[in-house]
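The structure under discussion appears below in the form of C-alpha cells.
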Amino acid sequence: MVKGLTKALVVYYSTYGNTEKLAKALAAGLQSVGIDTDTAKVDAVSFDKLGEIDLLCVGSPVHAWNAAKPAREFLDSLKSLDGLSGKKAFAFDTKLRSRFAGSAGGKIEKKLKNMGLVVAKPAISAIVLGKEGPLEEGAEEAFKQIGVELAGLM
Numbered sequence: 017m018v019k020g021l022t023k024a025l026v027v028y029y030s031t032y033g034n035t036e037k038l039a040k041a042l043a044a045g046l047q048s049v050g051i052d053t054d055t056a057k058v059d060a061v062s063f064d065k066l067g068e069i070d071l072l073c074v075g076s077p078v079h080a081w082n083a084a085k086p087a088r089e090f091l092d093s094l095k096s097l098d099g100l101s102g103k104k105a106f107a108f109d110t111k112l113r114s115r116f117a118g119s120a121g122g123k124i125e126k127k128l129k130n131m132g133l134v135v136a137k138p139a140i141s142a143i144v145l146g147k148e149g150p151l152e153e154g155a156e157e158a159f160k161q162i163g164v165e166l167a168g169l170m
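To get the numbering used here, take the position in the sequence shown, counting from 1, and add 16.
If you want it as C-alpha cells, here you go:
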C-alpha cells in the first residue's frame with residue numbers, strides 16, 4: 017500500500033469505449049501498487065461513497081472543445097457535495113490529433129480545482145486515430161503507468 021493514499025475512484029464518460037479503456041488502464045495502474053480503486057461511468061457514481069476516497073480521476077472525450085455533456089453534468093453535481101475539498105484529483109481526455117481539438121481534461125481539471133480538489137498531476141490527453149478510435153498505440157499502457165505515478169505522488 018502506498019503511504020497516504022488508500023482509495024481512488026476513476027469516473028468516466030465514454031462515447032465509443034476509448035475513454036473507458038483509459039479509465040480501466042488508469043485503475044489497473046493504481047491497483048497494481050495496492051490502491052483500492054473503483055471505476056464508474058458518470059451516471060453510475062455512488063455519491064455517498066465519494067467521502068471515502070483520497071483520489072478522484074475524471075475522464076471524458078472532447079466534444080466541441082469541452083468535456084462531453086454527461087461529464088460536465090457529473091462535475092456540476094459535485095458542487096453541492098461536502099467533503100471533496102483537499103482531496104487529490106486527476107483529469108484526462110481522449111481527442112483527435114488536431115490543434116483545433118481543444119481539451120476536455122483541462123476544463124475538467126479547472127472545475128475540480130474550483131471545488132477545492134488538489135491536482136495531483138496535470139491533465140493528460142490520449143489521441144484517438146478516428147472519431148470512433150482506436151486509441152493511438154501505447155495509450156493504454158501509458159495510462160496504466162500514469163496510475164502508478166499518481167499513487168507515487170500521494
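From the three backbone atoms N, C-alpha and C, an ideal C-beta is built for every residue, glycine too.
*Hey, quick one: how far does the alpha helix (DSSP H) through G45 stretch, first residue to last?*
For G45, the enclosing alpha helix (DSSP H) starts and ends at 34-48.
*For the candidate residues G33, V26, A43, whose alpha-carbon lies nearest to that of G149?*
For G149, the nearest C-alpha among the options comes from G33.
*asked:* Tell me the residue span of the alpha helix (DSSP H) that contains A155.
replied: Start and end: 155-168.
*Label P8 either buried or exposed according to how many other C-beta atoms from any shown protein chain fall within 10 Å of its C-beta, with 16 as the threshold for buried.*
This structure cannot settle anything about residue 8, because the visible part of the chain is limited to 17 through 170.
*Closer than 7 Å by C-beta to G146: which residues in its own chain qualify, once you throw out the five before and the five after it? Chain order, please.*
Cβ within range, chain order: n/a, list empty.
*Output the boundary residues of the alpha helix (DSSP H) element that contains L112.*
In the DSSP assignment, L112 falls outside any alpha helix (DSSP H) and lies within the beta strand (DSSP E) extending over 104-112.
*Taking just the CA atoms, how far does G168 sit from V18?*
Because the pLDDT at V18 is just 48, under 50, the model does not fix this residue reliably, and the value given afterwards should be weighed accordingly. About 7 Å.
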